[in-house]
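K.L.:
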Amino acid sequence: MDAATITSWMREIDASVRAERDHLVQLDAAIGDGDHGTNMTRGFAAVVQALDTDPGSPPGKLLILAGRTLVSTVGGASGPLWGSALRSGGRVLGDQEVFDGGQLVEVLAAALASVKDLGTAAVGDKTMVDALEPAVEKLRARLADGVPLGPALEDAAAAAEAGMRSTIPIQARKGRASYLGERSVGHQDPGATSTALVIRALQKAVVQQNS
Ligand code: ADP
Ligand code: MG
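All letters in the sequence shown, in the order written, are residues 65 to 275 by the numbering used here.
1. Please classify Gln113: does DSSP put it in a helix, a strand, or coil?
2. The ligand MG heavy atoms versus the CB of Asp97: any closer than 6 angstroms?
3. Could you spell out the range, first to last residue, of the alpha helix (DSSP H) harbouring Ile232?
4. Within this structure, are the beta carbons of Ala174 and Val156 separated by less than 7 angstroms?
5. Could you name the residues of the same chain whose beta carbon sits closer than 6 angstroms to that of Ala260, not counting the 5 residues immediately before and after it, in chain order?
6. Pop quiz: Asp66 and Glu161 are said to be a contact at Cβ under 8 angstroms. What is the actual Cβ separation, rounded to whole angstroms?
7. Nearest-angstrom Cα distance between Ser230 and Leu203?
8. Indicate the three-state DSSP secondary structure (helix, strand or coil) for Thr257 in the structure shown.
9. To the nearest angstrom, report how far apart Gly165 and Thr184 are at their CA atoms.
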């Protein structure tokens, strides 16, 4: 994998959050302020634009640029959270031109660590962590078992989607939805939903590049 992997990952995220914008807005309208779909759409459209103006940078630098762009274009909680996630992930790669599956796990693990550090959320708090953490763990475990990257990413995306659904019956303990207390129960978390799209986008980007 290389810089083109990161560019196509960001393009896939842009396309999928735009396609799901209204759904993300509805989910956030139910337990938040209804801006999650527009936040993610605005942010990743700006990321794609920023990457287009920076051909030739190595993959880690592109992730850092993507993260910086999210921080400066997204006002909601998801901007700084994904912004620091992508910047931390990018720093793992330094200046290297190519990376392998094991390093991709470390990129995602660093992203997860910075989300948890900044947002102080754990699995079960009904946030994006509920989708991101199982995805990172699944990818790490499958690769450790010797499963090839494509199928391992498929399993990671499925784990993110299962984590997304696991937010429905629980009460929010972090973020805006936590203000609702028990009334947040029964609704799928918008941030966990877009996180499942982010991991699915990665799976698609890697499959495309290897086909
Ligand atoms: P805002 O809540 O500021 O309007 P968004 O609507 O863009 O921002 O994003 C909401 C999502 O952000 C939530 O659904 C949740 O997944 C995630 N989120 C909010 N606070 C936290 C936190 N402290 N840690 C992790 N994720 C969080
Ligand atoms: Mg919101």
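Even glycine gets a Cβ: it sits at the ideal position worked out from N, Cα and C.
P.N.:
Once the coordinates are examined:
1. helix
2. yes
3. Premise fails: Ile232 is in no alpha helix (DSSP H) and is neither H nor E.
4. yes
5. Ala195, Ala224, Glu225, Met228
6. 6 angstroms
7. 19 angstroms
8. helix
9. 27 angstroms
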